[in-house]
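Each residue of the sequence shown is one higher than the last, beginning at 1287 in our numbering. Here a beta-carbon is modelled for each residue, glycine too, at the ideal position from N, C-alpha and C. These figures come from a predicted structure and were not determined experimentally. Please read the structure below before turning to the comments.
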Amino acid sequence: MKSITATVLTIGDEILIGQIVNTNAAWIGEQLTTLGVRPLRMETVGDEAAKIKDSLLRAMEESRVVIVTGGLGPTHDDITRDVVADVFGVALCSDEEILAIVRERFTRRGKEMPASNISQSMVPEGFEAIVNPAGTAPALLRGFDHEDGEALLAVLPGVPYEMQHFMSEHVLGRIAKLEGAPIVLQKTLLTVGAGESHLHEALEGVEALLTGGRSLAYLPNLSTLRLRLTSVDDSPTIAEERLAELESFIRSRANEWIYGEGLDTLEAVIGRLLRDRKMTVATAESCTGGRLADRLTNVPGSSDYLLGGIISYDNAVKIESLGVQPDTLDSYGAVSRQTACEMAEGVRHRLNASIGISTTGVLGPGGGSGEKPVGTLWIGVSTEKRTSAVKMTLGKERLRNKERAVVSALAILKNVVLAFEPE
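Next up, the structure:
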């Protein structure tokens, strides 16, 4: 089964010199992969006509899908449309509909359209121009001849949300209809609590299933890991059966670490679990400074189960607001099992929650000791049944440690909630 290949060109000096991070290429590559299209090359080209032309000609020779982003603005260095017209040997003509829409948008804001914006209505002959609902530069689409079959060139604005709109609404569907495009099914399983090597060991033997168009990718993040399952075949039925078999194997070996699928977030999954069980939670945070509560409140409707939180960064606040015993702090310190437990139990009682969860640690870069080095973290959890704490050892970089501490606390909270039966 021969795959369709693609080239992604991003245009702009600002990307080359590091003023802007090229998030467009990564996003486009991921979207193309979900269609079974194989990205062959990703290239960033500065605002130089000859270089853009050379790169575009090579891309059209190598690939049946060519995506170009950037260089469609109204300034002197926005030359992509001129180069595209030159490559195809056609003239640029003003699209009166697009010009009227751009002019009307300026009028609506009480401004007169600058003359430079007229350039954004110029369309190479033979191209389809699609109005930009969020900006002024249209998308430019055209098929072209390729030795492997029908091909597509998409020239899109460089603004990420504008580009993503055009890709989602107008480009990906056309790519999927190209002759020879296979059926591609994908599922992403989201895991937390196990590293890449640990999961790889747990999934020993999965290699035997990675045949016949199936693949498995490990996509680690700072504290979580995605497993992307792919099944490619000319038959949708066969592709679906093979994907289901692969997922079943993975779940049989790693289900304890899988918390969701696709676009699920850990905090949203926890929210559903709490709501199903009619339970509530309260947070007591020291080292994470409120980030745990912040993550929980990212979910719409989180007031159904999150009662509140106390940021007890200072020991006096731990004593006065959470009821941590002074003797506990004197004997064991703020970063200890005993303090984490008393913090969690204290916030549960004070806010009358089903679950209290706490964080206390040394996140660095200074403040550690031989007994409690930088990266030491305690997470306490309290319910009516029991109060306990878990010790973790993180790294030495403060902000990374904060994020890892929050995700670790969320993972523990998920497991605690799962121990209760839904009502």
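Endpoints, beta strand (DSSP E) assigned at residue i
i, result
"Gln1406", "Here Gln1406 belongs to no beta strand (DSSP E), and DSSP marks it neither H nor E."
"Gln1472", "Ile1469 to Val1478"
"Ala1462", "Taken as a continuous stretch (DSSP letters only), Ala1462 belongs to no beta strand (DSSP E), being part of the alpha helix (DSSP H) at Leu1458 to Ala1462."
"Glu1414", "Glu1414 to Ile1416"
"Leu1295", "Thr1291 to Ile1297"
Integer Cβ distance of residue i from residue j, believed to fall under 8 Å
i, j, result
"Leu1608", "Ala1570", "6 Å"
"Ile1290", "Val1331", "Actually they are not in contact, since the Cβ atoms of Ile1290 and Val1331 sit about 23 Å apart, beyond 8 Å."
"Pro1446", "Thr1309", "6 Å"
"Glu1590", "Arg1561", "Sequence inspection shows Asp at residue 1590; the Glu mentioned does not correspond to that position. Right, the Cβ-Cβ distance comes to about 6 Å (below 8 Å), so this counts as a contact."
"Lys1700", "Leu1559", "7 Å"
"Tyr1393", "Ile1297", "Reading off the sequence, residue 1393 comes out as Thr, not Tyr. With 8 Å as the limit, Thr1393 and Ile1297 do not qualify as a contact, their Cβ atoms being about 30 Å apart."
"Glu1547", "Leu1502", "Wrong, their Cβ atoms sit about 15 Å apart, outside the cutoff."
"Phe1535", "Val1492", "6 Å"
"Phe1413", "Arg1391", "Going by Cβ atoms, the distance from Phe1413 to Arg1391 rounds to 22 Å, so no, they are not a contact pair."
"Glu1482", "Leu1511", "6 Å"
Alpha-carbon to alpha-carbon, residue j and residue i
i, j, result
"Val1610", "Lys1671", "20 Å"
"Leu1696", "Ala1568", "12 Å"
"Asp1616", "Lys1604", "13 Å"
"Gly1479", "Val1702", "14 Å"
"Val1294", "Leu1302", "15 Å"
"Thr1355", "Met1453", "11 Å"
"Arg1327", "Ile1461", "17 Å"
"Ala1630", "Thr1673", "8 Å"
"Lys1663", "Gly1594", "First, the amino acid is wrong: residue 1663 is Leu here, not Lys. Using only the alpha carbons, I get a separation of about 22 Å."
"Glu1542", "Glu1707", "17 Å"
"Leu1464", "Phe1430", "12 Å"
"Ile1469", "Tyr1599", "54 Å"
"Glu1276", "Glu1657", "Past the boundaries of the shown model lies residue 1276; the chain is included only from 1287 to 1709, so the question cannot be answered."
"Val1692", "Ala1579", "9 Å"
"Gly1666", "Lys1397", "57 Å"
"Ile1314", "Leu1458", "10 Å"
"Gly1681", "Leu1513", "24 Å"
"Val1417", "Val1351", "21 Å"
Bridge partner(s) assigned by DSSP for residue i
i, result
"Phe1430", "Ala1437"
"Leu1326", "According to DSSP, which records beta bridges pairwise, Leu1326 is partnered with nothing at all."
"Lys1677", "Trp1664"
"Ile1353", "Val1294 and Ala1440"
"Ser1517", "Leu1471 and Arg1500"
"Thr1510", "Val1478"
"Leu1378", "Pro1410"
"Val1331", "Ile1297"
"Ala1732", "Because the chain here runs from 1287 to 1709, residue 1732 falls outside it and cannot be looked at."
Start-to-end residues for the alpha helix (DSSP H) that takes in residue i
i, result
"Tyr1447", "Pro1446 to Phe1452"
"Ile1384", "Glu1382 to Arg1394"
"Lys1700", "Arg1684 to Leu1704"
"Gly1315", "Thr1309 to Thr1320"
"Ala1488", "Glu1482 to Ala1488"
"Leu1502", "Counting along the chain, Leu1502 falls outside any alpha helix (DSSP H), though it belongs to the beta strand (DSSP E) covering Arg1500 to Pro1506."
"Lys1337", "Ala1335 to Glu1348"
"Asp1372", "Thr1366 to Phe1374"
is_contact[residue i, chain D] using C-beta, thresh 7 Å
i, result
"Thr1422", "No chain D appears in the structure shown, which is made up of a single protein chain."
If we require 4 or more residues per run, which alpha helix (DSSP H) segments fall completely within the stretch 1520-1597? Taken in chain order, the unbroken stretches of alpha helix (DSSP H) that lie wholly in the stretch 1520-1597 and span 4 residues or more are 1522-1540, 1552-1563 and 1577-1582.
Scan the stretch 1602-1647 and note each continuous alpha helix (DSSP H) run of 4 residues or more that stays entirely inside, going in chain order. Within the stretch 1602-1647, the complete alpha helix (DSSP H) segments of 4 residues or longer fall at 1612-1618 and 1623-1637, listed in chain order.
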